[in-house]
Amino acid sequence: MIYKCRIRRLIFKNPKTGYCEMRTEAESIKGIKPYVEDRCATVKGYIPYIDTDLPLAFDGEWKDDSDGWYFDVHSTSFYIPKKVFIRDFLAGITGVGKKSIEKICSSGFDLFNEIKEKDAVDKLVSIGVGRKPAKLIRKKLMEIIRKPDIDTIISAYLEDYTIADNLYKEYGYDGIEKLFNSPYLIGKYIGLDLEQCDIVAFNNGFSRSYDKRVKAYLSRTIQRRIDSKGDTIIGVEELINEQLEEFSKLGDVFDYALIEEQLKDTPDVLISETGNYLIIRELLRVERNLADEIIRLTSNKKTYSITDSVIDQTERQMGIRFSAEQREALQLLSDSKPSIITGGPGTGKSTIIQGLIECFKTVCGGHTRIRLAAPTNKAKNRMSIITGRPADTLHTLLEIDYMSDDGKEIGFTRGRNNPINADLIIIDETSMINDEMACSMTEAIADECKVIFIGDINQIPPIGYGAFFNDIITFSSWTKTIRTVWLMQTYRASCLSGIITNAERILNGNTNLINTPDFEIRSVYSSCLTQAAANEAIKCQYNNEDHQVISPMYSYSGGINEINGYLQSALNSNPPVTIKGKTFKLYDKVVFTATSHKNGYSNGDVGRIVRLDNYSIDVDIDGKNVSLRSADINNLELGYAISVHKSQGSEWDTVIVSLQKGKVATRALLYTAVTRARRKVVLICTEETLEYVLNNTAGMKRNTVLKYELFKRTEMLK
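Positions in the sequence shown are counted from 1; adding 736 to them yields my numbering.
Next comes the structure, spelled out in structure tokens:
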């Protein structure tokens, strides 16, 4: 049976298979009245065209399911539609006016057949259509007509209609030819991975040693190294050997010299004079800019009179007595140069933040401009609770700039020419800040503004490249240019000594962790990790305790995915709802996996689902309601268990650590996990895993340029 209609609205499309559901408007309801409603009907099947108002003829049959009648599509073609359909379709092409549309409709021009001919533009001109709109009409229709060809060819190569859609959107009906002529360049733009590019390239006569292929693989290996380790300096020999090993697995036999030659010729890579290491040019630019900004701030001349009497007055205001090292930290306010305060759990960093604010207000007056900020929502909320003052995330401090047309973030409004309005800026959780964010942040700090960076140097490095906090502390130890205070004394109650003691032992790689009321170690078989961690969480839930399960890995027993599935089933009896391929329930604990400042959530935010249907979800994050639609739901996962990186900047009364053996399970990762606990840690693992993790120091030190760039600038100023 043939069903003639025009597309009105796309309901759903599976990007992998090309399967679509869409609403259509029938050209005629004769013989199909039982299947349509207000001339509209649903069609389902592989449909290559999704352009609104496009007239199509579907071959297939009417079927009924739980949602009602729909037309099951077997094949699709164009047809000569009623003039109203043609008018509406042509009106949707930008640059085609009413006069041109009327000329086509009144001339009898067979739009969907004659447009394929080479002289179609001339024919349209001959009936009174302008040459420019004629070209626009032919371009649009040829893209639509050739879309099935692109689908067929690409799916034959790669079995993925997503790629065909991307190619069509980017390059129109010339896309196939462009891809075949430049598989690695065009492939990158449309989302092909290199193995898919290889399939296209080899089927079009390109050799395995094609220079653009080798460079593409080298670029990917370098990027993976940056993403996984955060290094900005990479050893050349190590990289080449890693690349040779990958090529060997692909069946390629290349020698060292060939890879080295291609590496030297890669435009975005800069190799050192010795030839021993390389750096990506863009990363070097960021680290050099960051070094320039830090050195600029160290030249600040403004001073403040932070006397003993000022600190004594602050003690009386706060009702406490400062230790010698805390008084030293407060003395950092005596000049306007950047300063650093670092310390582990329980060393009084929160108290110092309050003290810094009170001291500065005493010296400068109540109207002085003080800004508080941290990398995450959780961390800035904690600063605000501690101090009783508003705090910002770094992104809100720098004031995100959006593109007006699509709302995309394009940078920050605060910068060198529009600095932050502040006399004192205190940044907490600085260890979480990568070089790119640090560069934006320091650029926006005004001359004579005092900035104090606070954090724990022993936590895992930030997501992203660089080691900003570590590098400026290292630089300060070399030159004393940036004053640094180390908080060593702990102030937590003796009943919480297990967390402090074991955190120190973890840092030192000491496997003799102690079992205490506030630090319980549960030794279990690896196959029992999920159930053991889940049982602890269930106990906390029933006792109404503030808690969080943390794990270094997503897969296998004891991993985030298994624990989340177990706890969702055990703790939430509400009916499941599948949305965007994910299964959620009302009141599920969830975590955000990306950041959207426009929509009010950050990566690592944990909340509860308070409303959901098949199309949208509302999440409560610490009393703030966040509504999610469409693409935002891709950024949401179950949060009964979360990763260590997601936990950074947050604290819970009880932290349950499900520890697995794997490359990513490092000493620094375990230290970061256990120091998220305010009152109690439950560490669940095998004895073998604990020993492995405490001996795994991978990722604790990153190879970066920043500290050397800072030192070089300091030497130049002498």
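Built from N, CA and C at the ideal position, the CB exists for glycine as well.
Pairing Ser-811 with Glu-763, the inter-Cα distance amounts to about 18 Å.
Ala-1060 counts as exposed, since fewer than 16 other beta carbons sit within 10 angstroms of its beta carbon. A check of alpha carbon separations from Asn-1297 across Arg-742, Ser-1394, Pro-1253 identifies Ser-1394 as the nearest. In terms of Cβ geometry, Arg-775 and Arg-759 do not form a close pair [threshold 8 Å]. Taking a contact to require three or more Cβ pairs closer than 8 Å, the stretch 944-953 and the stretch 1171-1191 do not qualify as touching. Taken in chain order, the complete alpha helix (DSSP H) segments of 4 or more residues contained in the stretch 967-1045 are 972-985, 992-1000, 1017-1034. For His-1381, the enclosing alpha helix (DSSP H) covers residues 1380-1383. The beta carbon of Phe-983 sits closer than 6 Å to the beta carbons of Phe-990 from its chain, once the five residues preceding and following it are set aside; these are given in chain order. When DSSP assignments are scanned along the stretch 1131-1180, the uninterrupted stretches of beta strand (DSSP E) that are 3 or more residues long and fall wholly within it turn out to be 1136-1138, 1145-1148, 1160-1163. Counting other Cβ atoms within 10 Å of its Cβ, Leu-1446 reaches 16 or more and is therefore classed as buried. Minimum Cα-Cα distance from Asn-917 among the listed residues Asp-934, Asp-901, Asn-902 corresponds to Asp-934. In the three-state reduction of the DSSP assignment, Ile-1122 falls in the helix class. The residues Ser-945, Val-950, in chain order, have a CB closer than 8 Å to that of Leu-994 in the same chain once the five nearest residues on each side in sequence are set aside. C-alpha of Val-1221 to C-alpha of Thr-1078: approximately 6 Å in a straight line. Our two residues, Ala-793 and Leu-872, have alpha carbons roughly 24 Å apart in a direct line. When DSSP reads this structure, Ser-1075 sits in a beta bridge with Ile-1188, Arg-1219. In this structure, the alpha-carbon of Tyr-1351 lies about 29 Å from that of Gln-1277. Just measuring C-alpha positions, the residue of Arg-823, Arg-1107, Arg-1032 sitting nearest Gly-1124 is Arg-1107.
Judged by DSSP in its simplified three-state form, Ser-1233 adopts helix. Rounded to the nearest whole angstrom, the C-alpha separation of Gln-998 and Asp-1004 is 12 Å. For Lys-1325 against Leu-1374, the beta-carbon gap comes to about 7 Å, under 8 Å, which counts as contact.
Our two residues, Ala-1065 and Thr-1237, have alpha carbons roughly 24 Å apart in a direct line. The residue from Ile-1286, Ser-1291, Val-1418 with its alpha-carbon nearest to that of Leu-1405 is Ile-1286. Residue environment analysis places Asn-1194 among the buried positions, since at least 16 neighbouring C-beta atoms fall within 10 angstroms of its C-beta. A residue is called buried when at least 16 other Cβ atoms come within 10 angstroms of its Cβ; Leu-1160 meets this threshold and is buried. Here Ser-1259 has Glu-1423 as same chain residues with Cβ atoms under 6 Å from its own Cβ, once five neighbours each way along the sequence are excluded. Taking 8 Å as the upper bound for CB-CB distance, Pro-1081 and Glu-1165 are not in contact here, some 13 Å apart. Across the set Phe-1058, Lys-1186, Phe-1205, the C-alpha of Phe-1205 shows the shortest separation from the C-alpha of Asp-1171. For Ile-738, the uninterrupted beta strand (DSSP E) segment begins and ends at 738-749. Only residues of its own chain outside the window of five on either side were considered, and among them Glu-879 have a CB closer than 6 Å to the CB of Gly-908, listed in chain order.
In the structure shown, the three-state DSSP call for Glu-1051 is helix.
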